[in-house]
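Novice: At position 30 of the sequence shown the residue is numbered 23 (the numbering used here), and the sequence of numbers has no breaks. Here you go, one structure.
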Amino acid sequence: MRLSQFHLRTEKETPADAEIVSHKLMLKAGMIRKLAAGLYTWSPLGLRVLRKVEAVVREEMNRAGAIEMAMPSIQPKELWEETGRWAKFGPQLLKIRDRKEQEYCFTPTAEEAVTDFFRQEIASYKQLPVNFYQITSKFRDEIRPRFGVMRAREFIMKDAYSFHADDESLHAQYRTMYDTYTRIFTRLGLKFRAVAADTGAIGGSASHEFHVLADSGEDALAFSETSDYAANVELAEAVSPGARPAAAETLRDIETPTQKTCEEVAALMGIALARTVKSVAIMAGDGDGGGQFVLALVRGDHSVNEIKLAKLPGLADYRLATEAEILEYLGSEPGFLGPLHAKKPVRVVADRSVSALADFVVGANKPGFHIAGVNWGRDLPEPETADIRNVVEGDPSPDGSGALRMARGIEVGHVFALGRKYSEAMKCTVLDASGKAVNPAMGCYGIGVSRIVAAAIEQNHDDAGIRWPQAMAPWQVAVCVINPKNDPAVAEAAETLHAELNAAGIDTVLDDRGLRPGAMFADIELIGIPHRVVVSGRGLEAGTFEYRARSAAEAENLDRAALLARIANG
Ligand code: ATP
Ligand code: MG
-6 MRLSQFHLRT
4 EKETPADAEI
14 VSHKLMLKAG
24 MIRKLAAGLY
34 TWSPLGLRVL
44 RKVEAVVREE
54 MNRAGAIEMA
64 MPSIQPKELW
74 EETGRWAKFG
84 PQLLKIRDRK
94 EQEYCFTPTA
104 EEAVTDFFRQ
114 EIASYKQLPV
124 NFYQITSKFR
134 DEIRPRFGVM
144 RAREFIMKDA
154 YSFHADDESL
164 HAQYRTMYDT
174 YTRIFTRLGL
184 KFRAVAADTG
194 AIGGSASHEF
204 HVLADSGEDA
214 LAFSETSDYA
224 ANVELAEAVS
234 PGARPAAAET
244 LRDIETPTQK
254 TCEEVAALMG
264 IALARTVKSV
274 AIMAGDGDGG
284 GQFVLALVRG
294 DHSVNEIKLA
304 KLPGLADYRL
314 ATEAEILEYL
324 GSEPGFLGPL
334 HAKKPVRVVA
344 DRSVSALADF
354 VVGANKPGFH
364 IAGVNWGRDL
374 PEPETADIRN
384 VVEGDPSPDG
394 SGALRMARGI
404 EVGHVFALGR
414 KYSEAMKCTV
424 LDASGKAVNP
434 AMGCYGIGVS
444 RIVAAAIEQN
454 HDDAGIRWPQ
464 AMAPWQVAVC
474 VINPKNDPAV
484 AEAAETLHAE
494 LNAAGIDTVL
504 DDRGLRPGAM
514 FADIELIGIP
524 HRVVVSGRGL
534 EAGTFEYRAR
544 SAAEAENLDR
554 AALLARIANG
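Listed below in structure tokens is the structure:
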């Protein structure tokens, strides 16, 4: 490829509206352009990188025995109603109507569509196991599309779906996909980690997420220091603390005229934040919870884990209580809430660590007051106790080995053992060995192909721009020509080298744009080409090329053999 015949448009200024480095660099390098919120055009340069990622994913999926196919982007409402997910996905589903007023959604994932395909195609257990995959656009009407292609409304996902005659076969395939993902992210040169994950809206029994580790990651991950325990904080268990100490203090009101947060109250009283208790007022869903008012209690130094809370009986569709509801049930404004002296009966759910407290501090349900010296069993009935908080650094690991450390991650892959949730809901069956119709077990396996491009930049950049891992670079080598117009011999030598490298299977671009060296090198560094070779009149005379690895501080002059060896070594 010759850059003079390509479309490369880089920018000197760093775009002001981009928050994270990958978004900035993708715009600056001209890889993507915004069309509308969460919708991006991939420029020719961006597309080259995207295709490299796709190629690795495709190769490894094929190697694992999965079979590629393609399903429609637009899917009928009726199909999604078979599983109840038309409603469950809610506003995340991007919907359209056709001219007959029939409703459709743009596919956010394809469990329904693939199960429909399967039930038309496959009749016998003898045809199992099978794993179908596609690499296509997916659509989600994200509440907050942001960070460029990291959280977009249209994005490229590789999604695979496996079908099995029994659970054993499903778990073997789950393991194969886990290993395949490990190969994919390793080949892409990413620092990543697999963590146990919540099964969320997709459902199922086992689930792991693959995260690229980066400070800008939206997910918090917890790892044991001493074992291989690793989980998304959404899921990571906060283990029960030791036994509750005996009550030592008497109950008393504390004047807190302006102190509304636990931090302010602890500071005023000169006590540890861990002795204060935060009361979060919520309403159980109007469905099975019947609009019940609930106080969720966590220690002042902890935070509520919304996913854990929603798993408690009756709380699946909970929401935060309104100020009017808080006034009705507790008789106070927010900032002074607590489980004592409520106006109406409330359900109290205490985190394990709150249940283990003695002599703690809560809001008094009276503006300007808190209550200290509170004790379970004496001042309050024994609470309903559950794990409802996020783990924090230093908590004991739930597997009993060591303490937890925290890291941030970008979710780039997710594997689920689904079981029979979809095959049952969609009446999808195969005949087993005895001729009986049975629902196949399923697994599903996603990779955020376009998100990987951004995630890789988060891990691989410097002041000059992107530093692509080999497997993702738009080209492996840039051959830069100084003054091609003035010096035909130089132009010819560069052409020859460019052609030779490409013929040897090394993806090489010729920078024949005739730019001044400074501008040319800045572009090549910004777009992250791993190897830069400069062909100049001076070099030709000396029989050398100037070579610089993107990761090296200095350039060096190498003869042809040494140059080829250097490039071949990566
Ligand atoms: P997230 O928690 O980041 O919203 P998810 O858990 O909803 O993602 P999955 O349903 O597991 O996503 O989809 C599979 C993969 O698709 C994810 O691991 C992620 O890499 C990618 N992905 C999901 N949503 C987006 C998005 N809005 N933009 C880009 N990639 C996405
Ligand atoms: Mg996920």
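The beta-carbon is built from N, C-alpha and C at its ideal position, and this holds for glycine as well.
Please classify Gln(-2): does DSSP put it in a helix, a strand, or coil?
Specialist: Helix.
Novice: Which whole runs of the alpha helix (DSSP H) in the segment 208 to 278 are 4 residues long or more, in chain order?
Specialist: With a minimum length of 4 residues, the continuous alpha helix (DSSP H) runs that stay inside the segment 208 to 278 are 255 to 262.
Novice: Measure the alpha-carbon distance for Ala486 versus Arg553 and round it to whole angstroms.
Specialist: One C-alpha to the other measures close to 11 Å.
Novice: Quick one: what does DSSP say Thr501 is sitting in, helix, strand or coil?
Specialist: Three-state DSSP puts Thr501 in a strand.
Novice: I'd like to know if Ala215 contacts chain D, where contact means its C-beta is closer than 8 Å to some C-beta of that chain.
Specialist: In the structure shown, chain D cannot be found, because there is only a single protein chain.
Novice: Below 8 Å CB to CB, which residues in the same chain sit around Leu28 once its five sequence neighbours on both sides are set aside?
Specialist: Excluding sequence neighbours, Leu28 sits near Thr34.
Novice: Let me confirm a value: Asn562 is counted as buried when at least 16 other C-beta atoms fall within 10 Å, else exposed. Which label applies?
Specialist: Exposed, because fewer than 16 other Cβ atoms sit within 10 Å of the Cβ of Asn562.
Novice: Could you spell out the range, first to last residue, of the alpha helix (DSSP H) harbouring Met19?
Specialist: Start and end: Val14 to Lys21.
Novice: Can you check which of these residues, Asn124, Phe353, Glu518 and Leu244, is closest to Asp455 by C-alpha distance?
Specialist: Taking only the C-alpha atoms, the option nearest Asp455 is Glu518.
Novice: Can you tell me where the beta strand (DSSP E) holding Pro570 begins and where it ends?
Specialist: Residue 570 is absent from the model: the chain starts at -6 and stops at 563.
Novice: Could you pull out every unbroken alpha helix (DSSP H) segment of at least 4 residues lying fully inside the segment 310 to 370, listed in chain order?
Specialist: Listed in chain order, the complete alpha helix (DSSP H) runs (minimum 4 residues) inside the segment 310 to 370 are 316 to 323 and 345 to 348.
Novice: Quick one: what's Pro389 bridged to in DSSP?
Specialist: Answer by DSSP bridge pairing, in chain order: Ala396.
Novice: Cβ of Ala145 versus every heavy atom of the ligand ATP: is any distance shorter than 7 Å?
Specialist: Correct: Ala145 has its Cβ closer than 7 Å to the ligand ATP.
Novice: Using the C-alpha atoms, what's the distance from His407 back to Glu71?
Specialist: The alpha-carbon atoms of Glu71 and His407 are separated by roughly 27 Å.
Novice: Hey, quick one: how far does the beta strand (DSSP E) through Lys414 stretch, first residue to last?
Specialist: Counting along the chain, Lys414 falls outside any beta strand (DSSP E), though it belongs to the alpha helix (DSSP H) covering Lys414 to Ala418.
Novice: Mind the definition here: the segment 491 to 507 touches the segment 467 to 478 only if three or more C-beta pairs lie below 8 Å; say whether that holds.
Specialist: Output reads yes: the segment 467 to 478 touches the segment 491 to 507.
Novice: DSSP on Pro69, reduced to helix/strand/coil?
Specialist: Strand, per DSSP.
Novice: Between His407 and the ligand MG, is the CB less than 7 Å from at least one heavy atom?
Specialist: Yes, the beta carbon of His407 sits closer than 7 Å to at least one heavy atom of the ligand MG.
Novice: Along the chain, where does the beta strand (DSSP E) containing His491 start, and where does it finish?
Specialist: Not the beta strand (DSSP E): His491 falls in the alpha helix (DSSP H), residues Pro481 to Ala496.
Novice: Could you say if the segment 432 to 442 and the segment 476 to 492 meet the contact criterion of at least three C-beta pairs nearer than 8 Å?
Specialist: Output reads no: the segment 476 to 492 does not touch the segment 432 to 442.
Novice: Kindly give me the distance between the Cβ atoms of Arg237 and Ala351, rounded to whole angstroms, as I take these residues to be in contact under 8 Å.
Specialist: Indeed they touch by this definition, with Cβ atoms about 6 Å apart.
Novice: What would DSSP say about Phe82, mapped onto helix, strand or coil?
Specialist: Helix.
Novice: Could you check the C-alpha separation between Trp564 and Val14 for me, to the nearest Å?
Specialist: This structure gives no information on residue 564, because the portion of the chain shown stretches from -6 to 563.
Novice: In terms of residue numbering, what span does the beta strand (DSSP E) encompassing Arg525 cover?
Specialist: That run of the beta strand (DSSP E) goes His524 to Val528.
Novice: Going by DSSP, what residue range makes up the beta strand (DSSP E) through Asn383?
Specialist: Careful: Asn383 lies outside any beta strand (DSSP E) and carries neither H nor E.
Novice: Starting from Val50, follow the alpha helix (DSSP H) in both directions and report where the run begins and ends.
Specialist: Unbroken alpha helix (DSSP H) run through Val50: Pro37 to Arg56.
Novice: Assign Lys151 to one of three DSSP states: helix, strand, or coil.
Specialist: Lys151 falls in the strand class under three-state DSSP.
Novice: Between the Cα of Ile21 and those of Leu551, Asp516 and Ser155, spot the shortest distance and give me the residue it belongs to.
Specialist: Contrary to the premise, residue 21 reads as Lys rather than Ile in this sequence. Here the closest residue by C-alpha is Asp516.
Novice: Following the continuous beta strand (DSSP E) through Ala189, name the residue where it begins and the one where it ends.
Specialist: Phe185 to Ala189 is the span of the beta strand (DSSP E), which, as asked, contains Ala189.
Novice: In this structure, does DSSP put Met435 in helix, strand or coil?
Specialist: Strand.
Novice: Near Pro84, which residues of its chain fall below 7 Å by C-beta distance, leaving aside the five closest residues on each side in sequence?
Specialist: Result list for Pro84: Asp134, in chain order.
Novice: Let me check understanding here. Comparing Cα to Cα, which of Glu539, Ala365 and Pro306 lies closest to Gly331?
Specialist: Per the Cα distances, Ala365.
Novice: Hey, how far is the Cα of His2 from the Cα of Arg506?
Specialist: As written in the sequence, residue 2 is Arg, which differs from the His given in the question. Roughly 12 Å separates the two Cα atoms.
Novice: The ligand ATP heavy atoms versus the CB of Met54: any closer than 7 Å?
Specialist: No, since every heavy atom of the ligand ATP falls outside the 7 Å radius drawn around the Cβ of Met54.
Novice: For Ile247, is the beta carbon positioned less than 7 Å from some heavy atom of the ligand ATP?
Specialist: It does not: the Cβ of Ile247 is nowhere closer than 7 Å to a heavy atom of the ligand ATP.
Novice: In terms of alpha-carbon separation, which member of Gly58, Ser390, Phe110 and Leu87 lies closest to Met419?
Specialist: The option with the nearest alpha carbon to Met419 is Phe110.
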